[in-house]
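First the structure, in the form of structure tokens, and then the observations on it.
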Amino acid sequence: MKAIKLIEIKSELGCAQLGASMGSDAIKMAAHKSNSDFFAQHEIIKLPERNYLLAKKNQSPGHEKAKWLRYILENCQTACNTVADVLEDGHFPVVISADHSSAAGVIAGVKQAFPEQRIGIIWIDAHSDLHSPYTTHSGNMHGMPLGAALALDTEARDFIQQTPNDLPEQTKKQWQHLKELGGIAPKVLPKDLVFIGVRYFKPEHSALIRNLNVKLYTVEEIRKNKIEKIATAIYKKLEHCEKIYLSFDVDVLDCDVVSTGTGTPEPNGLFVEEVAELIQYFAQNSKLCCLEISEVSPVLDRQGNAMAEAAWHILNKAIMYRT
Ligand SMILES: [Mn+2]
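Numbering-wise, this note's numbering comes out as the position in the sequence shown, counting from 1, plus 91.
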């Protein structure tokens, strides 16, 4: 079994709301409360962040459809190199990130370490995160990491016959740069991406998932079937992939039942044990090469530290079952 290396990414420039930078500390508190010394056992690589920019008066986030992109590009380049280094050293990276824009860098790192191998992604999230600056409404980069990994541009608007956002050359080039991190684009094929629990849909999201033919397991399907059956089907679907990266955005959890402690909470989601059991199956497969947990925001939690405790419970189970 490969030794774990923790990578902590506290940048929250890609979020709509502040607070996610405290997520990793909240998860450490949850681990401590459960009497685990996990965070003392494993080396933590802490990546730099520039969250002070959010507090600076008169600081522009750059173009409104790609907020803070020049800094997020920098964060993702660092994440890419760090993840690649950890993988090349033969370790297993567990990434605890604040906002999910980090995943564009993490996926680039996996691809950089294994350029000749086919990468599969299991994306457990309420949102599909397939936007680009050409198609976003909010301009928040945490909705775009898979858009970058799949090298998407205007597709989400094209499929619904709508005009994409008009971008200046500089923003176009920065987006191109993000897509090409690690020197390879696209990094992942749509057929090698599996969504679990995605349930926030605007017309362009449904059109994109349908047209790109991305497999989606809904909350209802997960609940109706045995978790083992779903996990087996996902591995069958990804059997041609040599490496698998799993990303877990805690907003896949039901905000009414589990916790509100995340920037974009959504109702009608999965329960803690459902996600724990799913990830436990994935952890048992030796193709899993990197795990990321993202978007815990304890300041938004109306039940104490419930979201971080849920995230820790799920992470701890994954670690226990890892082979
Ligand atoms: Mn999400």
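Every residue, glycine too, gets a C-beta built ideally from N, C-alpha and C. These numbers come from a predicted model, not from an experiment.
For a quick check, are the C-beta atoms of residue i and residue j less than 9 Å apart?
{"i": "LEU361", "j": "GLY288", "result": "yes"}
{"i": "ASP342", "j": "ALA194", "result": "no"}
{"i": "ALA111", "j": "SER385", "result": "yes"}
{"i": "GLY200", "j": "VAL279", "result": "no"}
{"i": "ILE136", "j": "THR173", "result": "yes"}
{"i": "TRP266", "j": "TYR291", "result": "no"}
{"i": "CYS337", "j": "CYS381", "result": "What sits at residue 337 in the sequence shown is Leu, not Cys. It is a contact, given that the beta carbons lie within the stated cut-off."}
{"i": "ALA170", "j": "ILE275", "result": "no"}
{"i": "SER115", "j": "LYS93", "result": "no"}
{"i": "ALA131", "j": "ASN407", "result": "no"}
{"i": "HIS335", "j": "TYR308", "result": "Inspection of the sequence shows that residue 335 is occupied by Ile rather than by His. No; because the gap between Cβ atoms is not below 9 Å, this pair is not in contact."}
{"i": "GLU365", "j": "ARG314", "result": "yes"}
{"i": "ASP283", "j": "ARG393", "result": "no"}
{"i": "GLU383", "j": "VAL186", "result": "yes"}
{"i": "LEU104", "j": "ASN142", "result": "yes"}
{"i": "GLY354", "j": "ALA175", "result": "no"}
{"i": "ASN376", "j": "THR414", "result": "yes"}
{"i": "ALA416", "j": "GLU140", "result": "Lying outside 92 to 414, the shown extent of the chain, residue 416 is not represented and no answer is given."}
{"i": "HIS222", "j": "GLY238", "result": "yes"}
{"i": "PRO184", "j": "ILE95", "result": "yes"}
Does the beta-carbon of residue i, which I'm using as the reference point, lie nearer than 8 Å to any heavy atom of ligand 1?
{"i": "HIS191", "result": "yes"}
{"i": "ASP220", "result": "yes"}
{"i": "THR355", "result": "yes"}
{"i": "GLU418", "result": "This structure cannot settle anything about residue 418, because the visible part of the chain is limited to 92 through 414."}
{"i": "VAL343", "result": "yes"}
{"i": "ASP283", "result": "no"}
{"i": "ASP392", "result": "no"}
{"i": "ALA194", "result": "no"}
{"i": "ALA131", "result": "no"}
{"i": "ALA402", "result": "no"}
{"i": "PRO111", "result": "Inspection of the sequence shows that residue 111 is occupied by Ala rather than by Pro. No, since every heavy atom of ligand 1 falls outside the 8 Å radius drawn around the Cβ of ALA111."}
{"i": "ALA217", "result": "yes"}
{"i": "ASP176", "result": "no"}
{"i": "ASP340", "result": "yes"}
Could you tell me how far apart the beta carbons of residue i and residue j are, in whole angstroms, since I believe they sit closer than 8 Å?
{"i": "ALA397", "j": "SER350", "result": "4 Å"}
{"i": "ALA367", "j": "ILE118", "result": "Going by Cβ atoms, the distance from ALA367 to ILE118 rounds to 14 Å, so no, they are not a contact pair."}
{"i": "PRO281", "j": "LEU241", "result": "6 Å"}
{"i": "ASP220", "j": "HIS182", "result": "Between HIS182 and ASP220 the Cβ distance is about 26 Å, and since that is not below 8 Å, they are no contact."}
{"i": "VAL387", "j": "ALA399", "result": "5 Å"}
{"i": "VAL363", "j": "LEU344", "result": "7 Å"}
{"i": "LEU145", "j": "LEU178", "result": "That belief does not hold up - the Cβ atoms of LEU145 and LEU178 are roughly 31 Å apart, past 8 Å."}
{"i": "LYS263", "j": "PHE286", "result": "Between PHE286 and LYS263 the Cβ distance is about 27 Å, and since that is not below 8 Å, they are no contact."}
{"i": "ILE300", "j": "LEU369", "result": "About 19 Å separates the two Cβ atoms, so there is no contact after all."}
{"i": "PHE449", "j": "ASN302", "result": "This structure leaves residue 449 out entirely; the chain is present only between 92 and 414."}
{"i": "HIS154", "j": "LEU258", "result": "7 Å"}
{"i": "PRO389", "j": "GLY352", "result": "6 Å"}
{"i": "ILE405", "j": "TYR372", "result": "With a Cβ gap of about 12 Å, ILE405 and TYR372 do not count as contacting."}
{"i": "LYS202", "j": "GLY273", "result": "5 Å"}
Taking 8 Å as the cut-off, is the beta-carbon of residue i closer than that to any non-hydrogen atom of ligand 3?
{"i": "ASN231", "result": "Within the structure as shown, ligand 3 is missing, the only ligands being ligand 1."}
Check whether the segment 242 to 249 and the segment 161 to 181 touch, using three or more Cβ-Cβ pairs below 8 Å as the test. no
Cβ pair count under 8 Å reaching 3, the segment 150 to 162 against the segment 221 to 234: yes
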